[in-house]
Amino acid sequence: MQVLGLWPAWRLRTPVESIAQTVEQPIQPAAPVVAPPAQLAPPARPAPTPQPQPQPVIQASAPVAQVDHQHHIGEMDWTALNAAIQSCTRCDLAKSRTQAVPGIGDPHAEWLFIGEAPGANEDRQGEPFVGDAGKLLDAILAAIGLARGKNVFIANVLKSRPPANRDPKPEEVAACLPYLERQIELIQPKLIVALGRFAAQSLLATDTPIGKLRGQVHRYRGVPLVVTYHPAYLLRNPLDKAKVWEDLVLARDTMQSLKT
Ligand code: URA
94 MQVLGLWPAW RLRTPVESIA QTVEQPIQPA APVVAPPAQL APPARPAPTP
144 QPQPQPVIQA SAPVAQVDHQ HHIGEMDWTA LNAAIQSCTR CDLAKSRTQA
194 VPGIGDPHAE WLFIGEAPGA NEDRQGEPFV GDAGKLLDAI LAAIGLARGK
244 NVFIANVLKS RPPANRDPKP EEVAACLPYL ERQIELIQPK LIVALGRFAA
294 QSLLATDTPI GKLRGQVHRY RGVPLVVTYH PAYLLRNPLD KAKVWEDLVL
344 ARDTMQSLKT
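Under the numbering used here, the sequence shown has 131 at position 38, and the numbering climbs by one with no breaks.
Right under this line is the structure:
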């Protein structure tokens with residue numbers, strides 16, 4: 094815990110209650126997709142005769158039926174999914190990003206950490222949590238014996254950087270969430286850790302404050318989910334590291350209880 098600067102201030106919470114006893118938030122289906130573009134849902138069958146291909150156009154408002162797009166993403170393997178994320182134009186963030194940031198780690202990880210959206214460093218490097226907040230996340234992982242890429246997958250709710258790191262817009266979340274949903278289906282994590290208010294509220298489809306979401310084991314589509322503060326928040330509010338340690342202990346104990 095010294096690595097988190099918590100020593101010796103942390104304390105163990107009482108043993109985790111059984112997951113069945115914890116509060117569960119109703120999981121809503123992803124909100125309607127506002128703006129899926131045509132080029133993300135290519136037809137599976139080849140065209141009978143080669144046609145000149147139109148140049149990719151960023152058309153955030155193309156009126157493509159949501160159900161078709163959702164269905165398509167829900168069938169993708171990792172290669173197709175990552176390619177779809179990289180070429181995605183489902184929202185206007187496609188116009189300003191350098192590159193999309195799908196996520197990184199073990200594709201069969203037991204642990205899935207989910208943040209908000211890429212920042213400037215992530216947008217440049219194509220990997221989530223590589224800036225100062227990322228260094229702190231690495232320390233958080235180390236505090237419970239984990240490491241980036243080793244039984245851990247790290248992703249964000251949004252795969253593209255909001256300009257000037259502004260808050261994500263609801264329509265951006267709606268457009269991007271199917272990618273995260275498919276990632277979760279492919280990874281099949283044992284436990285999800287939501288990093289920060291935005292990830293927690295988006296995944297649990299609630300506007301309950303993060304302070305009230307902490308300290309319980311929720312479920313996201315059946316997967317246990319623990320909420321903690323975002324590393325960037327912790328950089329600004331280091332005194333709350335003790336609370337993050339409590340959340341990590343809850344997460345670690347929950348994972349252990351899933352294996353026994
Ligand atoms: N903050 C996030 O939520 N995600 C990142 O990848 C980087 C910073």
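Cβ atoms here follow ideal geometry from the backbone N, Cα and C, with glycine treated the same way.
Spatial distance of residue i from residue j (CA atoms)
{"i": "Ala236", "j": "Val342", "result": "10 Å"}
{"i": "Asp225", "j": "His311", "result": "28 Å"}
{"i": "Thr172", "j": "Ala267", "result": "22 Å"}
{"i": "Gln281", "j": "Arg254", "result": "26 Å"}
{"i": "Gly227", "j": "Ala193", "result": "17 Å"}
{"i": "Pro147", "j": "Leu297", "result": "Bear in mind that a pLDDT of 41 at Pro147, under 50, signals an unreliable position, so the model cannot answer this."}
{"i": "Leu288", "j": "Asn258", "result": "16 Å"}
{"i": "Val319", "j": "Thr347", "result": "9 Å"}
{"i": "Phe246", "j": "Ala187", "result": "24 Å"}
{"i": "Leu239", "j": "Glu265", "result": "31 Å"}
{"i": "Gly304", "j": "Val286", "result": "15 Å"}
{"i": "Asp85", "j": "Thr191", "result": "With the chain represented from 94 up to 353, any question about residue 85 goes unanswered, as that position is not in the structure."}
{"i": "Pro261", "j": "Thr353", "result": "39 Å"}
{"i": "Leu270", "j": "Ile207", "result": "12 Å"}
{"i": "Glu203", "j": "Lys283", "result": "5 Å"}
{"i": "Arg302", "j": "Asp185", "result": "Note that residue 302 is Pro in the sequence shown, not Arg. Approximately 28 Å, taken between the alpha carbons."}
{"i": "Phe278", "j": "Leu205", "result": "Note on residue identity: the sequence assigns Glu, not Phe, to residue 278. Approximately 12 Å, taken between the alpha carbons."}
{"i": "Val316", "j": "Glu220", "result": "24 Å"}
{"i": "Glu168", "j": "Trp338", "result": "37 Å"}
{"i": "Thr299", "j": "Arg290", "result": "10 Å"}
Near ligand 3: residue i beta-carbon under 7 Å from a heavy atom
{"i": "Glu265", "result": "Of the ligands one can find in the structure shown, namely ligand 1, none is ligand 3."}
Own chain, CB closer than 7 Å to residue i, minus 5 neighbours either side, in chain order
{"i": "Leu229", "result": "Pro324, Leu327 and Leu328"}
{"i": "Ala210", "result": "Asn249, Val250, Leu251, Arg254, Pro255 and Pro261"}
{"i": "Ala292", "result": "Ile207, Gly208, Glu209 and Val250"}
{"i": "Gly212", "result": "Gly224, Arg254 and Asn258"}
{"i": "Arg345", "result": "Ile237"}
Cβ shell of residue i (< 8 Å), same chain only, five flanking positions each side left out
{"i": "Tyr272", "result": "Ile166, Leu174, Ala177, Ile178, Cys181, Pro195 and Lys252"}
{"i": "Asp333", "result": "Tyr322, Tyr326 and Leu327"}
{"i": "Val223", "result": "Asn214 and Glu215"}
Beta-bridge partners of residue i, as assigned by DSSP
{"i": "Ile285", "result": "Leu205 and Leu318"}
{"i": "Ile313", "result": "Residue identity differs from the one stated: residue 313 is Tyr in this sequence, not Ile. Paired residues: Val316."}
Spatial neighbours of residue i in its chain, beta-carbon cut-off 6 Å, leaving aside the 5 residues before and after
{"i": "Gly198", "result": "Gly242, Val245, Phe246 and Ile247"}
{"i": "Ser295", "result": "Val250 and Val266"}
{"i": "Ser189", "result": "Pro256"}
| query | Enumerated in chain order, which unbroken segments of the alpha helix (DSSP H) with a length of 4 residues or greater are wholly contained in the segment 188-260? | reply | The qualifying runs are 213-218 and 225-236.
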